[in-house]
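A short write-up of the structure that comes next.
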Amino acid sequence: MHSLSSIYSLPEAAQTPVGAEVYRGLSAHPKTLSPWLFYDEKGSELFEAITELPEYYLTRTERAIFTEYGDEVLDAAADNRTLKMIELGAGTATKTGLLLQAAVRRQGTVDYLAIDVSETALAAAQQRIEAEIPGVNVISRVGDYTDGIEEIPCVGQRRMVLYIGSSIGNFEPGDAIQVLREVRRRLAPGDKLLLGADRVKERSVLVRAYDDEAGVTAAFNKNILTRINRELGANFNLRLFRHRARWNHEQSRIEMHLESLIPQHVSIPALELEIKFGRGETIHTENSYKFTASSIASIVERAGFAMTRCWTDEHEWFGVYLATAV
Ligand code: AVI
Numbered sequence: 005m006h007s008l009s010s011i012y013s014l015p016e017a018a019q020t021p022v023g024a025e026v027y028r029g030l031s032a033h034p035k036t037l038s039p040w041l042f043y044d045e046k047g048s049e050l051f052e053a054i055t056e057l058p059e060y061y062l063t064r065t066e067r068a069i070f071t072e073y074g075d076e077v078l079d080a081a082a083d084n085r086t087l088k089m090i091e092l093g094a095g096t097a098t099k100t101g102l103l104l105q106a107a108v109r110r111q112g113t114v115d116y117l118a119i120d121v122s123e124t125a126l127a128a129a130q131q132r133i134e135a136e137i138p139g140v141n142v143i144s145r146v147g148d149y150t151d152g153i154e155e156i157p158c159v160g161q162r163r164m165v166l167y168i169g170s171s172i173g174n175f176e177p178g179d180a181i182q183v184l185r186e187v188r189r190r191l192a193p194g195d196k197l198l199l200g201a202d203r204v205k206e207r208s209v210l211v212r213a214y215d216d217e218a219g220v221t222a223a224f225n226k227n228i229l230t231r232i233n234r235e236l237g238a239n240f241n242l243r244l245f246r247h248r249a250r251w252n253h254e255q256s257r258i259e260m261h262l263e264s265l266i267p268q269h270v271s272i273p274a275l276e277l278e279i280k281f282g283r284g285e286t287i288h289t290e291n292s293y294k295f296t297a298s299s300i301a302s303i304v305e306r307a308g309f310a311m312t313r314c315w316t317d318e319h320e321w322f323g324v325y326l327a328t329a330v
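If you want it as structure tokens, here you go:
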């Protein structure tokens with residue numbers, strides 16, 4: 005009996021999720037790495053730090069929208085019924101607290117299902133919410149995206165799925181539609197989706213948000229190389245790569261890249277790979293799509309929802325969209 009690795013003579017490490025992605029991405033032309041590789045322990049800490057940067061307006065703007073319009077959002081979502089809330093990629097659920105408070109004001113108690121891949125983030129979220137917002141019944145599920153949505157039985161009630169923080173922007177548009185279709189498949193007509201999505205705006209504001217003065221986003225981007233060094237024994241020299249953030253107007257997205265400053269070779273022993281970089285060649289690590297009201301409506305509608313309401317901030321920098329399952 006031969007294992008797949010001996011038939012195709014791929015090293016064993018190339019069959020782990022990280023190894024397979026690095027093998028695929030760094031053998032490709034142009035070179036790419038998937039953004040989920042950012043989020044090891046250090047990367048998750050760096051992302052939390054990004055959300056507090058002065059240049060990274062996304063988190064604070066979405067929070068301000070929830071603070072100002074939380075009650076309105078809840079009223080519009082509930083259709084005079086009791087609402088149950090389900091959050092995809094809940095993380096530490098800090099902004100969600102504002103909506104949960106509005107739900108408790110409206111209906112006294114609320115069931116809240118938090119879904120995330122990080123068990124530690126979920127445990128912290130559960131503890132904090134239960135301590136700070138009496139009336140919230142927190143259920144947490146470790147899993148990917150839509151796992152567990154059906155677990156909330158909803159006879160005569162409304163479900164509202166939260167997908168906030170502009171995470172939808174990290175998918176290619178076709179994949180974003182697929183993710184929302186998966187959500188839709190698990191809901192009943194009339195159930196709601198609350199989507200937070202960043203908006204197209206002036207280029208300089210966008211680029212600064214992804215290339216901050218303090219260099220936190222640069223460290224976040226380069227952490228992907230540290231991770232490959234640690235987990236696959238590679239010898240990336242971080243000083244020989246620089247962080248780049250570019251606005252791609254045609255595709256309406258911020259791209260993050262790691263640019264090789266010199267011609268160089270990097271070896272990845274666990275994958276038996278030797279990677280050659282030209283000067284100025286990049287590894288494309290992330291896309292962060294920015295939407296207009298109509299581009300986000302088209303995604304939501306193609307996934308089986310009708311756009312119902314939208315809230316924004318005074319600069320119209322960020323959008324919170326309520327959509328109804330049809
Ligand atoms: C998680 N996601 C919404 C962030 C974004 O803005 O696309 C990830 C990020 N990348 C660089 N800074 C933040």
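Note that our numbering has the sequence shown beginning at 5, numbered continuously upward. Just so it is clear, CB atoms sit at the ideal spot from N, CA and C, and this is done for glycine as well. In this text, all values refer to a predicted model and were calculated from it rather than measured experimentally.
beta-carbon residue i near the ligand AVI non-hydrogen atom, thresh 7 Å
i    : result
S48  : no
T96  : no
T3   : Lying before the first or after the last residue shown, residue 3 is absent from the chain, which here runs from 5 to 330.
T100 : no
L62  : yes
G173 : yes
T221 : yes
F224 : yes
E217 : no
G200 : no
Distance between residue j and residue i (C-alpha atoms, nearest Å)
i    : j    : result
E25  : F42  : 12 Å
I59  : K99  : A small fix is needed here, since residue 59 is Glu in this sequence, not Ile. Answer to the nearest angstrom: the Cα atoms are 18 Å apart.
G194 : M311 : 12 Å
M5   : S13  : The predicted position of M5 is uncertain, since its pLDDT is 49 and thus under 50; no value can be drawn from it.
E16  : G23  : 9 Å
L104 : V140 : 7 Å
G160 : A192 : 11 Å
L78  : A128 : 25 Å
A301 : G178 : 14 Å
R190 : H253 : 35 Å
R313 : A327 : 7 Å
S256 : V209 : 14 Å
E49  : G95  : 12 Å
I272 : R231 : 12 Å
A307 : Y167 : 14 Å
R145 : G200 : 21 Å
L277 : E290 : 23 Å
A148 : E123 : Reading the sequence as shown, one finds Asp at residue 148 and not Ala. Their backbone Cα atoms lie some 12 Å apart in a straight line.
L184 : E154 : 15 Å
N233 : T20  : 15 Å
G101 : E45  : 24 Å
Residues near residue i by beta carbon distance below 6 Å, same chain, minus five either side
i    : result
Y27  : A18 and L275
V187 : T150 and V165
R283 : I266 and P267
A106 : G74, D75 and L78
G47  : N227
I143 : L117
I377 : The structure shown does not extend to residue 377, since the chain is modelled only from 5 through 330, so no value can be given for it.
Q111 : T86
Cut-off 8 Å between Cβ atoms - residues of its own chain near residue i, not counting five sequence neighbours on either side
i    : result
H288 : P34, K35, T36, L37, E259, M260 and H261
R162 : A81, A82, D83, R85, T86, L87, K88, G194, D195 and K196
T316 : I69, R203, F322, G323 and V324
T113 : G139, V140 and N141
F51  : F42, Y43 and F224
F309 : L184, R188, L197, A327, T328, A329 and V330
Q130 : A118, V142 and S144
Sequence-distant residues of the same chain with beta carbon closer than 7 Å to residue i, five excluded per side
i    : result
A180 : I172 and I303
E235 : V22
F245 : K226, L229, L262, E263, S264 and L265
R64  : none
Handout entry: the segment 69 to 78 contacting the segment 29 to 43, beta-carbon criterion three pairs below 8 Å
Key = no
Problem - Contiguous alpha helix (DSSP H) assignments of at least 4 residues, all confined to the segment 184 to 259 - result: 207 to 213 and 220 to 236
Handout entry: Three or more C-beta pairs below 8 Å linking the segment 313 to 323 and the segment 289 to 302
Key = yes
Handout entry: Stretch pair the segment 205 to 213 + the segment 241 to 260: three plus CB contacts closer than 8 Å
Key = yes
Problem - Cβ contact check for the segment 267 to 284 and the segment 170 to 184: 3 or more pairs under 8 Å - result: no
Handout entry: Ranges of the alpha helix (DSSP H) found wholly within the segment 71 to 136, counting only runs of at least 4
Key = 100 to 111 and 123 to 136
Problem - Contact the segment 219 to 226 vs the segment 44 to 63: 3+ CB pairs below 8 Å - result: yes
Handout entry: Given 8 Å, three or more beta-carbon pairs between the segment 80 to 91 and the segment 115 to 124
Key = yes
Practice task
For the segment 198 to 205 and the segment 225 to 244, state whether three or more C-beta atom pairs, one from each stretch, are separated by less than 8 Å.
Solution key: no
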